[in-house]
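Protein chains in written order, with the numbering used here: chain A, 1 to 611; chain B, 1 to 171.
Beta carbons are placed, not taken as given, at the ideal position from N, Cα and C, and that holds for glycine.
Notes follow once the structure below has been shown.
Written out as structure tokens, the structure is:
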């Protein structure tokens, strides 16, 4: 059992206490939690569940969460909720999305923007306001700066939706440690709690999205086998169906505002999880519905989720009999119909002993603690790409480069060539989705490869590498094989924001709070510097003499001491410069260590005596 | 990085062979990822984090290829420097007839969705693939790469049919 010892030198981290949290950024409610040996939920005026609602006064005073809920009835104030439903969607895509507000939505850079009191807010803006609120709650409670957060996203979110979430965090001054898939987060919370082993289905029906993941748990390693879902299906849809039904049945409801009616529907739906029928009094009228009536109304929707579950099981290549348990996540799984259908159709034990509203935040908190190096060294999450990635080929067809349910991180290289003599540019169109036609997939962006050395047609060989990282996000690099020239890539998102635009937005939003921004920047530089110093010093102690000549050791030590002395000067630019320099100087050393580590692995010192 | 130039069998420290025990491969991948997954490097330097991402991707890529019989055989041909020439046509009367037979079967099952028939056909196809795999194994032992390549195109066809039929099964 020497395996972990072999890799130890690389994995040792200083236990610098860090403030890291898990954030469940939900459609209806958000939660923020931390994990040490126990969970701690940060509350908003005493509430665990923080409504994902933002309120704007005519003067553009902004309230979020519980503060916003209190203003819902104020006719001067405009509130925005369920923004997650349109995160990362193009303007054209939001036609079919039903939203619980009716402010004008305008088209800006092909993205939707909500016009409130004559000011425009993109979904990223609204999300970042929610995240900023969560950050403030944590920082006020702990009286300390937030170092980072694991933010959960629906497993079925595509690249643009994930990127939008990460951008919202950036805008809110939240450092994203990881984007974690919601069902995977729930599995983590359950797995650590129960110490179970085997195969599981996570069924996650939230306010706005439905996700399912099939995964195995084996001695602390959570391996997602397949994932499936619908980002447009959730409890909100049930409220809409039910409020339409109420409106048809009770004529006097036709004048009641949309939001109020949905609120009533929600209350009635929730009480049917414990009662066979419910009578609700509204404006001296009695509204009545039985559980049987509700079940009939929502049967098509729940049947749809069951089909998605079955498809996910199929894709996992597991037999349904191999599945040990189904874990329920999300408030909408309180519906009795969900539990009954799952039990009958899949014949599995259905688990819901951890609060379905909180389990995702718990899992995110654990993951934050793990990747900050503060907990559970032996736990690892291995996730998959939810939707296939492809490029446009002749005739409007999509050629898949990486298929869905491939374990991530993953790279795939595709070779392109030129069609004309002397051609120096090439356009590559990237798409995501399972369908065969370009028009049926989601366009992620176009990449222009330029500065290709001029050659006769077909002679250039441009290798384009598609890298999916652990957040499920894509990046692209290209190199011309024959000349070794790195082709530059110009990324043009089909919609959404480019890196440059995000940076600009952050600068603009921070221009009012310059001093706060400067302090944050300095803190970030110092944390990064300390990490570099610690990592290198530990490495030098472990194997500096073995892998380096005396000269090399002193060069590295020299640059380390420069970095250390710059820490006191409170100049983030100087610190960052010295970090970069130290990293460059020690690059060869890091490579040697990594090589040695993998070589000893392959030599079988660790792995074979375990198998 | 040396590691990125190693072939996948070397990476997982297993002998090059047509047969491969999936659970052993799973275990190897798990152990490697426990060491090299980027989540294990969040407190390391940027360089280490980048290398970890590359190695971890390489491991997953290797897993994808070695865990699939078709991709694995293609890969074995590749590391033996056998040039795959897809322009060559295969003259195999029996195989042609089998192709026609199965495409008709699949067409009709697409409509009837008769579960028992689907299952029995999948079973038949699995027996066919087992025979082809033994054939590939024999060829490999004799370093008959061309023979491997010929058998591979049949294997690909049967695997594709099994997948198509599998998608018609209801749970």
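query: Residue-level contact to chain B via CB, residue 684/A, 8 Å cutoff; result: Outside the modelled stretch of chain A, which goes from 1 to 611, sits residue 684/A, for which no answer is possible.
query: Selection from 575/A, 48/A, 469/A and 30/A that minimises the alpha carbon distance to residue 521/A; result: 575/A
query: Given residue 448/A as reference, the closest of 424/A, 549/A and 199/A once Cα atoms are compared; result: 424/A
query: Beta-carbon proximity check, residue 372/A vs residue 42/B, cutoff 8 Å; result: yes
query: Neighbour flag for residue 47/B against chain A, beta carbons, 8 Å; result: yes
query: Supposed close pair residue 25/B, residue 66/B - CB separation, criterion 8 Å; result: 6 Å
query: Option nearest residue 160/A by Cα separation, candidates 56/A, 430/A and 284/A; result: 430/A
query: Under 8 Å between C-beta atoms of residue 287/A and residue 299/A; result: no
query: Buried or exposed (CB count within 10 angstroms, at least 16 for buried), residue 58/A; result: exposed
query: Beta-carbon spacing of residue 536/A, residue 597/A below 8 Å; result: no
query: Three-state secondary structure assigned by DSSP to residue 36/A; result: coil
query: Meets three-Cβ-pair contact criterion under 8 Å: the region 409-422 of chain A and the region 257-267 of chain A; result: no
query: Touching by the beta-carbon criterion (3+ pairs, under 8 Å), the region 209-229 of chain A and the region 278-292 of chain A; result: no
query: Neighbouring residues, chain A, relative to residue 30/B (Cβ below 9 Å); result: 218, 219, 221, 223, 380 and 382
query: Beta-carbon proximity of residue 151/B to residue 162/B, cut-off 8 Å; result: no
query: For residue 386/A, the three-state DSSP class (helix, strand or coil); result: coil
query: Chain-ordered residues of the region 560-583 of chain A with a beta carbon less than 7 Å from chain B; result: 583
query: Extent of the continuous beta strand (DSSP E) run through residue 115/A; result: 111-116
query: Proximal residues of chain B, C-beta to C-beta of residue 407/A below 8 Å; result: 60, 63 and 64
query: Contact list for residue 320/A against chain B, beta-carbon separation under 7 Å; result: 171
query: Any chain B beta carbon closer than 8 Å to residue 411/A; result: yes
query: Any chain B beta carbon closer than 8 Å to residue 611/A; result: Low per-residue confidence applies at residue 611/A: pLDDT is 31, beneath 50, and the placement is therefore not dependable, though the value from the model is reported in the following sentence. It does; some Cβ of chain B falls within 8 Å.
query: One or two residues paired with residue 229/A in a DSSP bridge; result: 211/A
query: Simplified DSSP assignment, three categories, for residue 91/B; result: coil
query: Spatial distance of residue 472/A from residue 408/A (CA atoms); result: 7 Å
query: Host alpha helix (DSSP H) of residue 153/B (start-end); result: 145-166
query: At least three beta-carbon pairs within less than 8 Å, the region 90-97 of chain A to the region 41-61 of chain A; result: no
query: Per-residue DSSP class, three states only, for residue 42/A; result: coil
query: Own chain partners of residue 332/A with C-beta closer than 8 Å, once the 5 adjacent residues on each side are dropped; result: 205, 206, 207, 234, 235, 238 and 338
query: Nearest to residue 529/A (by Cα), restricted to the options 83/B, 46/B and 112/B; result: 46/B
query: Where the alpha helix (DSSP H) through residue 75/B begins and ends; result: 69-79
query: Neighbouring residues, chain B, relative to residue 587/A (Cβ below 7 Å); result: 47
query: Terminal residues of the beta strand (DSSP E) in which residue 149/A lies; result: 148-153
query: Where the alpha helix (DSSP H) containing residue 35/B begins and where it ends; result: 22-36
query: Whether residue 272/A touches residue 294/A by CB criterion (8 Å); result: yes
query: Chain-ordered neighbours of residue 55/B on chain A, where CB pairs are closer than 9 Å; result: 594 and 598
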